[in-house]
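Chains A and B supply the protein sequences, listed in that same order.
Quick note: the first sequence uses this note's numbering, first residue 23, plus one each step.
Quick note: the second sequence uses this note's numbering, first residue 23, plus one each step.
2 protein chains.
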Amino acid sequence: MENSFLRTYVSVDCVVFGFDKSQLNVLLVQRNTSSSASKSLKLPGSLIYQQEDADAGAHRVLHELTGIKKITLRQFKSFTSPERMSNKDDRAWLEIAYHNNKIDRLITIAYLSLCKINRKLNIVSKYKTVEWRPVSQLPEMPFDHNQIVAEALSEIQNWMEKDPAILFKLLPLKFTATDLRHLYEAIYREKQDIRNFHKKIARMEYIIPLEEKQEKVSHKAARYYKFDRIIYNKQKLGI
Amino acid sequence: MENSFLRTYVSVDCVVFGFDKSQLNVLLVQRNTSSSASKSLKLPGSLIYQQEDADAGAHRVLHELTGIKKITLRQFKSFTSPERMSNKDDRAWLEIAYHNNKIDRLITIAYLSLCKINRKLNIVSKYKTVEWRPVSQLPEMPFDHNQIVAEALSEIQNWMEKDPAILFKLLPLKFTATDLRHLYEAIYREKQDIRNFHKKIARMEYIIPLEEKQEKVSHKAARYYKFDRIIYNKQKLGI
């Protein structure tokens with residue numbers, strides 16, 4: 023019986039994106055492993071506890087990682103392939119990390135989050151290091167973590183169409199039109215025409231030009247903008 | 023150890039919507055139960071097998087239910103609350119259904135599907151009956167199945183924004199403008215202005231008016247339309 027139906031362990035994994043003014047980055051942790059450094063970087067994650075649901079598990083993981091309790095997380099997909107545990111080294115690491123329990127199968131519920139890349143990271147957890155890595159230069163990661171990041175990238179587009187305000191979670195409080203354009207380009211993975219993009223910004227009434235401009239730059243100082251959530255919410259509600 | 027981390031059973035549940043020209047309906051199955059008929063209707067679902075992933079499990083469930091192998095399914099959310107098994111009767115039924123295995127915790131991965139309501143249902147499975155029920159008149163169902171349907175209803179809107187063609191999975195091959203308007207109203211749960219709606223249809227180049235009109239109707243016979251996938255795909259690709 024035990025063999026014919028799936029009784030398994032369930033984890034959560036979090037794909038946290040940050041934007042460094044030119045590209046999207048993902049927050050990775052280094053797993054504690056005595057073996058070689060091969061595939062030592064992975065997505066932050068955890069088995070979920072008996073008394074918590076997956077949302078609570080994902081919040082716990084990010085709290086342990088960053089010290090931050092409130093962060094917007096979006097559950098976007100469960101990864102359930104029986105093959106995701108097929109690598110022996112991955113399985114061995116997992117079983118050691120979880121006190122030598124035999125783990126035949128592990129499914130994971132993946133979460134997506136967007137945060138400012140200069141957010142202070144308080145490592146309060148078991149990981150040696152936490153670091154940002156550009157999505158274009160990710161290392162080979164254990165399990166199906168590379169696939170999870172790839173699907174999270176597509177999911178950002180869906181999320182943006184539903185709620186464009188999430189973009190501003192990735193930007194500093196004041197940003198230039200160029201910053202915003204580069205962010206669009208990173209998310210949609212295609213160049214935006216500069217003139218059209220300026221027209222686009224002008225149509226978004228919740229993007230407010232400030233009096234302030236860049237300082238100490240060698241090129242012509244660009245104007246700063248800010249996101250106005252009150253105007254955004256009014257527009258969204260059709261007021 | 024067994025107690026502090028979640029080792030559990032994993033199921034899939036399918037919310038299949040059909041449209042009967044006035045409202046959305048959900049496909050429910052009657053569970054085999056010797057006890058009273060209380061909460062005997064539920065979403066079609068199953069524990070997933072050791073060698074399949076969740077997508078394969080969901081397809082298997084719908085194949086058992088309808089005899090159909092190819093159906094578009096969208097994984098939309100995992101339901102993981104430790105409370106979803108809190109009802110003793112639900113738990114007892116589940117343990118009997120699965121050969122008296124002790125099942126402490128069950129998470130489910132929910133799928134959404136849209137199909138024509140007159141599709142022939144070949145019940146090749148363990149269920150006594152399969153029936154359509156209007157979403158406005160659902161019975162109280164076991165576990166969190168009522169909540170799963172509610173969230174599936176919101177998910178249809180997301181899906182439609184990404185891929186409007188899914189609408190036509192719910193309509194017969196030829197349909198009137200009124201059919202289409204009623205479907206919009208059912209999905210968005212608000213009345214559509216008739217004149218504006220006709221303008222909207224006129225803008226959708228992939229909705230083709232036919233020469234054919236309704237027959238044997240007491241009111242003025244309405245024109246039929248059909249969905250043209252080739253034009254739709256060209257538009258979508260921006261050709």
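Positions of the beta carbon are idealized from the N, C-alpha and C atoms, including for glycine.
Predicted model only: the values in this text are computed from it and were never measured.
query, result
"Where the segment 178 to 193 of chain B meets chain A: residues whose CB sits under 7 Å from a CB there", "ASN180, GLU183 and LYS184"
"Rounded straight-line distance, which links the Cα of LYS248/A to that of LYS235/A", "12 Å"
"Pick from LEU193/A, HIS220/A, LEU46/A and TYR31/A that is closest to ARG155/A, judged by C-alpha positions", "LEU46/A"
"Coil, strand or helix - VAL239/B by DSSP", "coil"
"ILE125/B versus VAL51/B - alpha carbon distance", "22 Å"
"Contacts around THR130/A, its chain only, beta-carbon distance under 6 Å, and the 5 residues preceding and following it disregarded", "SER33, ASP35 and PHE101"
"Buried versus exposed call for LEU195/B [16 or more other C-beta atoms within 10 Å across all chains shown]", "exposed"
"Terminal residues of the beta strand (DSSP E) in which ARG17/B lies", "Residue 17/B is absent from the model: chain B starts at 23 and stops at 261."
"Interface flag, ASP35/A vs chain B, CB-CB below 8 Å", "no"
"Same chain only: Cβ atoms within 7 Å of ASP201/B, ignoring 5 sequence neighbours per side", "LYS43 and LEU193"
"Residue ranges of each alpha helix (DSSP H) within the segment 43 to 108 of chain A, 4 or longer", "76 to 88"
"Three or more C-beta pairs below 8 Å linking the segment 215 to 226 of chain B and the segment 168 to 180 of chain B", "no"
"Beta carbon proximity, SER176/B to chain A, threshold 8 Å", "no"
"Reference ILE139/B, options HIS241/B, PRO231/B, VAL48/B and LYS242/B, closest by Cα", "VAL48/B"
"Exposed unless 16 or more other CB atoms sit within 10 angstroms - verdict on PRO164/A", "buried"
"Cutoff 7 Å; reference ASP75/B; Cβ partners in own chain excluding five residues on either side", "none"
"Under 7 Å by beta carbon: chain A residues contacting LYS99/B", "GLN97"
"ARG29/B, enclosing beta strand (DSSP E) - first and last residue", "29 to 41"
"Burial state of VAL239/B (16 or more Cβ within 10 Å)", "exposed"
"Sequence-distant residues of its chain with Cβ nearer than 6 Å to TYR31/A (five each side left out)", "LEU69, ILE125 and LEU128"
"Coarse secondary structure for TYR120/B, derived from DSSP in three states", "coil"
"Contact list for the segment 101 to 113 of chain B against chain A, Cβ threshold 7 Å", "THR102, SER103 and PRO104"
"Supposed close pair ILE178/A, LEU134/A - CB separation, criterion 8 Å", "7 Å"
"Extent of the continuous beta strand (DSSP E) to which LEU128/B belongs", "128 to 136"
"Cβ of LEU259/A within 8 Å of any chain B Cβ", "no"
"LEU237/A and ALA243/A closer than 8 Å at C-beta", "In the sequence as presented, Leu is not what sits at residue 237/A; that position holds Glu. Taking 8 Å as the Cβ cut-off, GLU237/A and ALA243/A qualify as a contacting pair."
"Closer than 8 Å to chain A by CB, ASP166/B", "no"
"Contact set between ALA76/B and chain A, taken where Cβ atoms lie within less than 7 Å", "SER100 and THR102"
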